[in-house]
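Before any comments, here is the structure.
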Amino acid sequence: MQRPFLLHSLLSVSALLCLCAGYAIAECSGSLTGTSVAVRSLVAFEYTQYTFSFTPGPSGFGENDTLQITFPDEFDLSRIKFVSAGFNGTSNTSLSVSGDNVAISRRNGKALSAADGSLDVILGQVRNYYAGTTGDFRFRILRRGAVQDCDTSVPGLTFTAASLLVKSVSLGSSLAEADTSIAFSLKLGGVLNYKGRDGGMFLITFPEGFYFENGVASVTADMTPYSDQLAAHVESRACTTFVWMNCTTVRVNLTNPTAEYPTGTIVDFTLSSLKNRPVTGLTGTFTIQTTNLKGQVSDESTDMELELSGNNATLILWLIAVTGLIVMTGICTRLEARYRAEIAPQRPRGVFQPNCQNQSARVSIDSEPLLQLPSQV
Numbered sequence: 068m069q070r071p072f073l074l075h076s077l078l079s080v081s082a083l084l085c086l087c088a089g090y091a092i093a094e095c096s097g098s099l100t101g102t103s104v105a106v107r108s109l110v111a112f113e114y115t116q117y118t119f120s121f122t123p124g125p126s127g128f129g130e131n132d133t134l135q136i137t138f139p140d141e142f143d144l145s146r147i148k149f150v151s152a153g154f155n156g157t158s159n160t161s162l163s164v165s166g167d168n169v170a171i172s173r174r175n176g177k178a179l180s181a182a183d184g185s186l187d188v189i190l191g192q193v194r195n196y197y198a199g200t201t202g203d204f205r206f207r208i209l210r211r212g213a214v215q216d217c218d219t220s221v222p223g224l225t226f227t228a229a230s231l232l233v234k235s236v237s238l239g240s241s242l243a244e245a246d247t248s249i250a251f252s253l254k255l256g257g258v259l260n261y262k263g264r265d266g267g268m269f270l271i272t273f274p275e276g277f278y279f280e281n282g283v284a285s286v287t288a289d290m291t292p293y294s295d296q297l298a299a300h301v302e303s304r305a306c307t308t309f310v311w312m313n314c315t316t317v318r319v320n321l322t323n324p325t326a327e328y329p330t331g332t333i334v335d336f337t338l339s340s341l342k343n344r345p346v347t348g349l350t351g352t353f354t355i356q357t358t359n360l361k362g363q364v365s366d367e368s369t370d371m372e373l374e375l376s377g378n379n380a381t382l383i384l385w386l387i388a389v390t391g392l393i394v395m396t397g398i399c400t401r402l403e404a405r406y407r408a409e410i411a412p413q414r415p416r417g418v419f420q421p422n423c424q425n426q427s428a429r430v431s432i433d434s435e436p437l438l439q440l441p442s443q444v
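The letter at position 66 of the sequence shown is residue 133 when you use the working numbering, and the numbering goes up by one with no holes.
Next comes the structure, spelled out in structure tokens:
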């Protein structure tokens, strides 16, 4: 006899849970319009000024309402300050912060509606930690703590990386093709290991032609006053031209990091077992980035070059034809070479015109499985 009552009770509870769930999903009763976020500087890690704009929704913006703005993760709000608000008749406005939520509260102001048009709030001393596009912002109008109108998908912003100051970079040997090491002294323009939780690494993209013996780099570092150590991991990447066989990127990451390395921190480290590229002159550009373990970039340097000298420069050009692989090696103080490949359907051939100390030579090579030119030209 009790089963129908039990079934009825379960159905009632289920209906109540569904209603509660539906209420939770319906975060706000109406939508704010004209929502946007503008920023004075789009460089990561700079304290700058933000302008938040919105037009009141169906519930209006009451005389004692609060605008709550939820920032995406990885914003620093520790120094945020109120600058101004375009609230007609507002006699008192207060600012409070809780986690990623910033509340701008009105006191005894004029009730506003969509007819009053767009409203602006300007906040200063806010910074974003990483380059790239942030997540969405969320705007909510709160009335006595309850959400009225909102927009929970205000598009994020796209930041560029801060500048990483390269205090110095030096090679143990500047001879082309020499076994060497490379020492870096870097001053952070961003942050390493954000809030002690994101991990951190330096991502170093070497110019084409540099490589590490056996694909392994050893690293020594001065991390004072931190107790962390560094570990180096060598990765091969695709070369942009066929001229070079060796194109290398090195990840130098913190091991078991616990502290955040703030802007201005100087980090010195040296990578060993490096082989210089085999040509004299400017090396091409090194790129150095500070990233977290998710690959988000905090700061970077993209315009650093070194110069190689010496009399043992060797250039290796690889030409992959239909049926053959051709290697040319030259030894001279300065070697400049250009190539032209002519591939016929049945008879591919490569034509090389090396120039070394004003001595020119022209060599035509028919397709063979493997041909190597003399080392002297």
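Beta carbons are placed, not taken as given, at the ideal position from N, Cα and C, and that holds for glycine.
Using the C-alpha atoms, what's the distance from residue j back to residue i?
i: W385; j: W311; result: Legend: pLDDT at W385 = 33, less than 50; position of this residue unreliable, value from coordinates given subsequently. Each residue's alpha carbon lies about 7 Å from the other.
i: N343; j: H300; result: 18 Å
i: P139; j: A198; result: 13 Å
i: K177; j: M268; result: 52 Å
i: V227; j: F121; result: Sequence inspection shows Thr at residue 227; the Val mentioned does not correspond to that position. About 26 Å.
i: K254; j: N313; result: 29 Å
i: T308; j: T357; result: 27 Å
i: P324; j: D295; result: 6 Å
i: T287; j: N281; result: 18 Å
i: A250; j: S368; result: 15 Å
i: L270; j: N320; result: 8 Å
i: S108; j: L242; result: 43 Å
i: R416; j: G202; result: Per-residue confidence for R416 stands at a pLDDT of 38, beneath the threshold of 50, marking its modelled position as unreliable; the derived number appears in the next sentence. Computed Cα separation, rounded: 54 Å.
i: V258; j: F112; result: 8 Å
i: D58; j: Y196; result: The structure shown does not extend to residue 58, since the chain is modelled only from 68 through 444, so no value can be given for it.
i: A182; j: G223; result: 27 Å
i: N260; j: R318; result: 15 Å
i: L186; j: L375; result: 59 Å
i: V104; j: V221; result: 8 Å
i: F142; j: L99; result: 23 Å
i: Y278; j: A305; result: 13 Å
i: L231; j: I355; result: 8 Å
i: S303; j: S237; result: 22 Å
i: M61; j: S248; result: With the chain covering 68 to 444 only, the question about residue 61 has no answer from this structure.
i: Q116; j: T316; result: 36 Å
i: P123; j: G362; result: 38 Å
i: F128; j: T225; result: 30 Å
i: V106; j: G256; result: 20 Å
i: T133; j: K262; result: 29 Å
i: L190; j: G166; result: 16 Å
So does residue i have its beta carbon nearer than 8 Å to some heavy atom of the ligand MN?
i: I208; result: The ligand MN is not part of this structure, which contains no ligands at all.
On a CA-only basis, which of the options is nearest residue i? Give me that one, please.
i: L297; options: K262, V334, T330 and F206; result: V334
i: G348; options: T102, L373 and A152; result: L373
i: G184; options: Y293, S252, V319 and P125; result: P125
i: T160; options: G166, D167 and K148; result: K148
i: R207; options: T201, V346 and S172; result: S172
i: G97; options: V233, T330, P292 and T219; result: T219
i: T291; options: G202, F142, D366 and Y328; result: Y328
i: S240; options: L224, V364, G263 and L338; result: L338
i: G331; options: S252, R146, R205 and T322; result: S252
i: A213; options: C95, Y278 and V346; result: C95
i: V364; options: T102, G101 and V110; result: V110
i: L341; options: T350, A284 and G377; result: A284
i: V233; options: N359, G377 and F336; result: F336
i: G377; options: S235, P345 and M371; result: P345
i: G276; options: G351, R210, S235 and V150; result: G351
i: S151; options: D366, A229 and L162; result: L162
How far does the beta strand (DSSP E) with residue i in it extend, from its first residue to its last?
i: M268; result: M268 to T272
i: G184; result: That residue, G184, is in no beta strand (DSSP E); it is neither H nor E in DSSP.
i: V317; result: T315 to T322
i: L253; result: D246 to K254
i: V286; result: S285 to D289
i: E130; result: Careful: E130 lies outside any beta strand (DSSP E) and carries neither H nor E.
i: S217; result: The question names Ser, but residue 217 in the sequence shown is Cys. Its beta strand (DSSP E) spans residues A213 to V221.
i: G101; result: T100 to V106
i: Q296; result: Q296 to S303
i: T337; result: I333 to K342
i: K148; result: K148 to A152
i: S96; result: Looking at the DSSP string, S96 is not in any beta strand (DSSP E), and its letter there is neither H nor E.
i: T118; result: T115 to T122
Who pairs with residue i in a beta bridge, going by DSSP?
i: G348; result: L375
i: Q355; result: Residue 355 is actually Ile in this sequence, not Gln. Per DSSP, I271 and S368.
i: V41; result: Nothing can be reported for residue 41: it is not among the residues displayed for the chain, which extend from 68 to 444.
i: N195; result: F142
i: I136; result: V169 and F206
i: S163; result: A170
i: S230; result: E367
i: T200; result: T225
Less than 8 Å between the CB atoms is what I'm expecting for residue i and residue j, so what's the real figure, rounded?
i: Q215; j: Y114; result: The Cβ separation is near 32 Å, so there is no contact.
i: F353; j: P274; result: 6 Å
i: N175; j: E130; result: 6 Å
i: Y293; j: A245; result: About 33 Å separates the two Cβ atoms, so there is no contact after all.
i: V188; j: F119; result: 5 Å
Do we get a CB-CB distance below 9 Å when we pair residue i with the residues of chain B?
i: A228; result: This model lacks chain B altogether; it includes just one protein chain.
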